[in-house]
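Below: the structure, in C-alpha cells.
There are 2 protein chains.
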Amino acid sequence: MKIAILGHGVVGSGTAEVFLKNKKSIEAGLGKEVALKYVLEIRDAGEFPDCAYSDCFVKDFNLILDDPEVTVVAELIGGIEPAYSFVKALLLKGKSVVTSNKELVAKKGAELLAIAREKNAAFLFEASVGGGIPIIRPLNQCLAADSINEIAGILNGTTNFILTKMFRDGMGFDEALKLAQEYGYAERDPSDDVNGIDACRKICILASIIFGKRVNPDNALVLAEGISKLNREDIAFCESKGGTAKLIARAVKRGDKVEVSVCPTFVSNDSQLAGVSDVYNAILVRGEATGDVVFYGKGAGKYPTASAVVNDIANALKNSGASSTLIWDEEEQVLSEVTFAEKFGNIRVFDNL
Amino acid sequence: MKIAILGHGVVGSGTAEVFLKNKKSIEAGLGKEVALKYVLEIRDAGEFPDCAYSDCFVKDFNLILDDPEVTVVAELIGGIEPAYSFVKALLLKGKSVVTSNKELVAKKGAELLAIAREKNAAFLFEASVGGGIPIIRPLNQCLAADSINEIAGILNGTTNFILTKMFRDGMGFDEALKLAQEYGYAERDPSDDVNGIDACRKICILASIIFGKRVNPDNALVLAEGISKLNREDIAFCESKGGTAKLIARAVKRGDKVEVSVCPTFVSNDSQLAGVSDVYNAILVRGEATGDVVFYGKGAGKYPTASAVVNDIANALKNSGASSTLIWDEEEQVLSEVTFAEKFGNIRVFDNL
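Next comes the structure, spelled out in C-alpha cells:
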C-alpha cells in the first residue's frame, strides 16, 4: 500500500514526518506494509535539504492519479483550486482522500462525500476542524446515538490568542494582532481569521455532521468583526458579569431550521470554554442524553494537525468505506436572525452558554 | 436484528429508554430494523409499572444465550459475578457484548477481548470510563497514529464533588460526603470511590488502551485515602500555589515500564482540569505530536452512561469485529514507586501537570 501527499508546506512536511515516525505502529495496526511514494510540490526537492524522502518529490499530479499502487492521498495544499480538482479526480478513480482543508470541506464537502460514497472510497477531514482535537470522528461515531441540538466552540486560534492578550494582559486589539503576527499565529493579511470566516467554515462543517445536512457558510450570521472594536467598556461588562469574551462559533437547532453564528460572546468563568487561552481551541457539544461534552486541545500547528491527518490516513488505509455514512445531499435551512439573551456594545450574551 | 439488556437498574433502564427513543436513527445508520427482545432482571416486570417493554422481561439467562436472533447484548449488572460468566458465555457463542462495568473490564478485559477477537465478535466498553464522555473510541481511533506517553484524569465524580465542596464552599470532608450521599452521588458505603479503587480501575483501562498491554489495578499506587484527611493547611498550600487539589488518576510511560497512581494532586488554575467541578469528569491525554487534549463531560449518571452504551450497541450492530484491534495479551510492568516533584501534607505535586 502506497500513499501520496499533495503540498509540502507546514502541514504537508509535518504529515510526512509524523507518518514516517509512526510507520511501524500504523503497519502493525493494518497488518500490512505501507510506504510514502509521492510528495507533490512545486518547489524542487533541492529546496528541502536533509529531507529523508527527497526521492518522493514530483511536480506532475497525473503521476499520482494514474498510479494504481497509490490508494490514499493527503491533500494539504489548502484553498479551493487546484485542491478541489485534484481531490475530485482522485475520488473518481476510487482513491481515498484525507484533507485538512476546511474551505474545501465547507464548500465542496457534500459533492466530494457523494463521489466517495459512490466509489466506496474514504473522504476524511478530521484535521479540518480543531487541528489535533478529535472532534469529527467522535461526533460521527460516539455521539451518533444521542440527539445533539447545539454545538458551540472556540474554533480560531488566532482570534483566541488576541482576545487572551486583550483580556488577560490589557493589550489593545492592534497591539495583540501585531504580537500574533510576530509569533506566526496570524497571517500578514489576517482578515479570514479576524472576520470570522475561518471559524464560520469550521462551525458549518460541524453543523453539517450533527444535523446530517449541508450547512452553507454563506447563510451564517458572522459578526466577528466586533473583536477588532472591543473596548474597555466591553471588557468591563464581561468582567462585571463574572466572565470573559470569546469568539464563539455556534449552531443551534430551532424546529426544522438552524441558527448559525460567529460573534464575540460572553462566557461565564464557570464554563469550560472560559479557561481556553492563547491558540487553544475547544468545542462544546450539547447532547440530550449525554449532557455537555467539551473537547479541548491545539486547534492548529504543524504537529497537532499532521497527527490528525496521519490518523485519517491510517483509517482510510484500514477501511476505505469509512466516510460512506456521511450524507449531505440536502441543504439545511439557516435562520437569518440569531436570538440573543442580551447585547452590550460588541458583546452578545446567549442563554445557557 | 435483536438486542438484549442484562440488568434493569439505573443504567439498564436508561439504556432501554435511550435505545427506544433513538431506534429510528440507529436503524437509518444501519439500514436495517433492530428491536429490543429481552431484559434480564431478577425483579418481576410488574415492579416497573408503565414500562413500555414489559413483555421483554425474562429471568432465565439461557433464553438470551440460546436465541440465535440476539446478536448484541448489553451487560449492565455490574461487579464480577454473574456478569463475567454471562459475558464470557455470550462471546463464546459469537454474540457481541457492550458493557459499562469497569471492574469487569479492568480485571477480565484481556481474556474477554481475546475471546471476542477469536469469535469475531465485538466487546465494547466506552461507558466503563468517563460515562458519557467519548474517550475509549477516540483513544483507539483518533490518536492511534501518535505516541501517547501520559494520561491523567478526574475519573471519579463522587470524590470530585466532595473536593469541590471542600475547596469552593469550605466544607469538611465528612459534611461534603454526607451531602454527596443525600444527592445520590455517593453510595451508603462510599469506600470504592473514596479509597480510589474506582478511579484506579478506570485509569488502568485507559492505560491498557494507550500502552497496548494489560495494566493490573493491583499494581498501581493508590493514595486516595488522603482526600478524607485533607485539612486547612493542604487547602491553603494549593491556594498559595495558585491552584486546587483534585483526585488525579494518572499513568505515565517511563522507559519500558509505566507509573500508575491515584492520589490528591495539586492542579494549577491554568490547567483545564482545575475548572472541572462537582460530578464532572475530565481526561487529559498527552500526545507527542498532538500535544495536550482534554475530554470533559458527565462521568456518571443514568442518561450520559446509557447514551454511551447505546452508541456501543449501534457500533456493535454495524461492525461486530470492531474491538478486534485491541490486544492485551501481555501484562505491562508497573513501577512500584511514583515520582513526585513535591509533597505537602496530603497533596502531591507532579511536574507538568
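Going line by line, the protein sequences match chains A and B. If you read the first sequence in this note's numbering, its first letter stands for residue 1, the second for the next number, and so on. If you read the second sequence in this note's numbering, its first letter stands for residue 1001, the second for the next number, and so on. A virtual CB, placed ideally from N, CA and C, is assigned to each residue, including glycine. The model shown is predicted, which means the values in this text are computed figures rather than measured ones.
In its own chain, which residues sit with a C-beta less than 7 Å from the C-beta of residue i, not counting the 5 before and 5 after it?
{"i": "A/Ala360", "result": "What the structure shows of chain A is the stretch from 1 to 353, and residue 360 of chain A is not part of that stretch, so it cannot be assessed."}
{"i": "B/Asn1346", "result": "Gly1226, Lys1229, Leu1230, Asp1234, Pro1264"}
{"i": "A/Gly243", "result": "Phe266, Val267, Ser268, Asn269, Ala274"}
{"i": "A/Asp174", "result": "none"}
Does the beta carbon of residue i sit closer than 7 Å to a beta carbon anywhere in chain B?
{"i": "A/Ile148", "result": "no"}
{"i": "A/Arg117", "result": "no"}
{"i": "A/Val294", "result": "yes"}
{"i": "A/Val396", "result": "Here chain A has residues from 1 to 353 only, and residue 396 of chain A is not among them."}
{"i": "A/Val73", "result": "no"}
{"i": "A/Arg137", "result": "yes"}
{"i": "A/Asn120", "result": "no"}
Quick check on residue i - is its C-beta less than 7 Å from some C-beta in chain A?
{"i": "B/Gly1275", "result": "yes"}
{"i": "B/Ile1133", "result": "yes"}
{"i": "B/Ala1145", "result": "yes"}
{"i": "B/Cys1238", "result": "no"}
{"i": "B/Ala1314", "result": "yes"}
{"i": "B/Ala1289", "result": "yes"}
{"i": "B/Gln1272", "result": "yes"}
{"i": "B/Cys1263", "result": "no"}
{"i": "B/Cys1142", "result": "yes"}
Tell me, to the nearest whole angstrom, how far the beta carbon of residue i is from that of residue j; I am working on the premise that it is less than 8 Å.
{"i": "B/Arg1214", "j": "B/Trp1328", "result": "4 Å"}
{"i": "A/Ile162", "j": "A/Ile227", "result": "7 Å"}
{"i": "B/Ile1026", "j": "A/Ala274", "result": "B/Ile1026 to A/Ala274, Cβ: 35 Å. No contact."}
{"i": "B/Val1260", "j": "B/Ile1203", "result": "6 Å"}
{"i": "B/Leu1036", "j": "B/Phe1061", "result": "About 16 Å; that fails the 8 Å criterion."}
{"i": "B/Ser1100", "j": "B/Ser1128", "result": "6 Å"}
{"i": "A/Thr70", "j": "A/Ala16", "result": "The question names Thr, but residue 70 of chain A is Val in the sequence shown. A/Val70 to A/Ala16, Cβ: 15 Å. No contact."}
{"i": "A/Leu112", "j": "A/Lys93", "result": "That belief does not hold up - the Cβ atoms of A/Leu112 and A/Lys93 are roughly 13 Å apart, past 8 Å."}
{"i": "A/Leu143", "j": "B/Pro1134", "result": "7 Å"}
{"i": "B/Val1073", "j": "B/Ile1080", "result": "Rounded, the Cβ-Cβ distance is 17 Å, inconsistent with contact."}
{"i": "A/Asn149", "j": "A/Glu239", "result": "Actually they are not in contact, since the Cβ atoms of A/Asn149 and A/Glu239 sit about 30 Å apart, beyond 8 Å."}
{"i": "A/Ala306", "j": "A/Val11", "result": "6 Å"}
{"i": "A/Lys302", "j": "A/Leu30", "result": "Their Cβ separation, rounded to whole angstroms, is 25 Å, which puts A/Lys302 and A/Leu30 out of contact at 8 Å."}
{"i": "A/Val309", "j": "A/Leu90", "result": "About 15 Å; that fails the 8 Å criterion."}
CB-CB under 8 Å to residue i, same chain, minus the five flanking residues each way: which ones, in chain order?
{"i": "A/Lys343", "result": "Val349"}
{"i": "B/Val1276", "result": "Ile1154, Asn1160, Lys1246, Ala1282, Tyr1296"}
{"i": "B/Val1258", "result": "Ala1207, Phe1211, Val1215, Ala1251, Val1252, Glu1332, Gln1333, Val1334, Leu1335"}
Under 6 Å Cβ to Cβ from residue i, same chain only, skipping five residues before and after it: list those, please.
{"i": "A/Val262", "result": "Gly196, Ala199, Cys200, Val222, Ala224, Ala249"}
{"i": "B/Asp1312", "result": "Val1098, Leu1124, Glu1126"}
{"i": "B/Ala1314", "result": "Ile1026"}
{"i": "B/Pro1304", "result": "Gly1131, Gly1132, Lys1298"}
{"i": "A/Ser13", "result": "none"}
{"i": "A/Lys102", "result": "Ser128, Arg201, Lys202"}
{"i": "B/Val1105", "result": "Phe1125, Ser1128, Ile1205"}
- What are the start and end residues of each continuous beta strand (DSSP E) run of 3 or more residues lying completely inside the stretch 270-328 of chain A, in chain order? Runs of the beta strand (DSSP E) inside the stretch 270-328 of chain A: 280-287, 291-298.
- Task: Anything in the stretch 1295-1310 of chain B with a Cβ closer than 7 Å to a Cβ of chain A? List those residues in chain order, please.
- Result: Under the 7 Å Cβ criterion, the stretch 1295-1310 of chain B contributes Phe1295, Tyr1296, Gly1297, Lys1298, Tyr1303, Pro1304, Ala1306, Ser1307, Val1310.
- Just list the alpha helix (DSSP H) runs in the stretch 222-277 of chain A, keeping only unbroken ones of 4 residues or longer that don't cross its boundaries, in chain order. Those alpha helix (DSSP H) runs which fall completely within the stretch 222-277 of chain A and span 4+ residues are 232-240.
- Message: Please list, in chain order, the residues of the stretch 181-206 of chain A that have any C-beta partner in chain B closer than 9 Å.
- Response: none
- May I have a chain-ordered list of the beta strand (DSSP E) segments no shorter than 3 residues that lie completely inside the stretch 1071-1124 of chain B? Qualifying beta strand (DSSP E) stretches, in chain order: 1096-1099.
- Message: What are the residues in the stretch 1013-1029 of chain B lying within 7 Å of chain A by C-beta distance?
- Response: Val1018, Asn1022, Ile1026, Gly1029
- What residues in the stretch 1030-1052 of chain B bring their beta carbon closer than 9 Å to a beta carbon of chain A? none
- Query: Got a sec: which bits of the stretch 78-93 of chain A sit with their beta carbon under 8 Å from any beta carbon on chain B, in order along the chain?
  - Reply: none
- Run through the stretch 1010-1044 of chain B for me and flag every whole alpha helix (DSSP H) of 4 or more residues, listed as ranges in chain order. 1010-1021, 1023-1030
- Task: Name, going along the chain, the residues of the stretch 1227-1261 of chain B whose beta-carbon falls closer than 9 Å to a beta-carbon of chain A.
- Result: Considering only beta carbons, no part of the stretch 1227-1261 of chain B lies closer than 9 Å to chain A.
- Item | alpha helix (DSSP H) runs contained entirely in the stretch 121-155 of chain A, provided each spans 4 or more residues | 136-141
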